[in-house]
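Novice: In case it helps, mature numbering (1 follows the signal peptide of the UniProt record, and there is no 0) puts the sequence shown at residues -23 to -1, 1 to 66. Every residue, glycine too, gets a C-beta built ideally from N, C-alpha and C.
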Amino acid sequence: MKYLFAAAVLVTTAFAGMSAAEAAGGCGPGWHRGPYGGCVRNRGPVVVAPGPAVVVRPPVVVERPVVVAPRVRACPYGFAWRYGRCRPI
C-alpha cells in the first residue's frame, strides 16, 4: 500500500510539473494565444525603456454641428402631397 501511495504522489507531481504550457494559454513555451484564440509564436523579448511618468489626459469631446434642413415631400410622377400623403392628381 505504501508503494501504491508513493507512485500516486509521483504521478501527481509529474503532472503538476507540466503546467508550463498552461501558463502560455495551452500553446506551450514560446507561444501565446492570439486575438482569435489560435496559437501565435512570440516575436522576441519585450524591452520597455524607462521614461517620465505617463500623464493621462481626458479625451477632447467635439460635438457635431446641428444641421436643420427643410422636410421634402417627394411623391412619384402623377401624384401630389395632399392631406398628409401622396394622392393621385
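Within this structure, are the beta carbons of R64 and A57 separated by less than 8 Å?
Specialist: Cβ distance < 8 Å, so R64 and A57 count as in contact.
Novice: What's the C-alpha gap between Y60 and V44?
Specialist: Near 27 Å, if we compare the C-alpha coordinates of V44 and Y60.
Novice: With C-beta atoms as the reference, is R20 less than 8 Å away from G7?
Specialist: No, the Cβ-Cβ distance between R20 and G7 is not below 8 Å.
Novice: If you drop the 5 nearest sequence neighbours on each side, which residues of the same chain put their C-beta closer than 8 Å to that of G11?
Specialist: Only V17 meet the Cβ criterion.
Novice: For A(-17), which of helix, strand or coil comes out of DSSP?
Specialist: Helix at A(-17).
Novice: Out of A46, R62, I66, point me to the one whose CA is closest to G55's CA.
Specialist: Minimum Cα distance to G55 is reached at I66.
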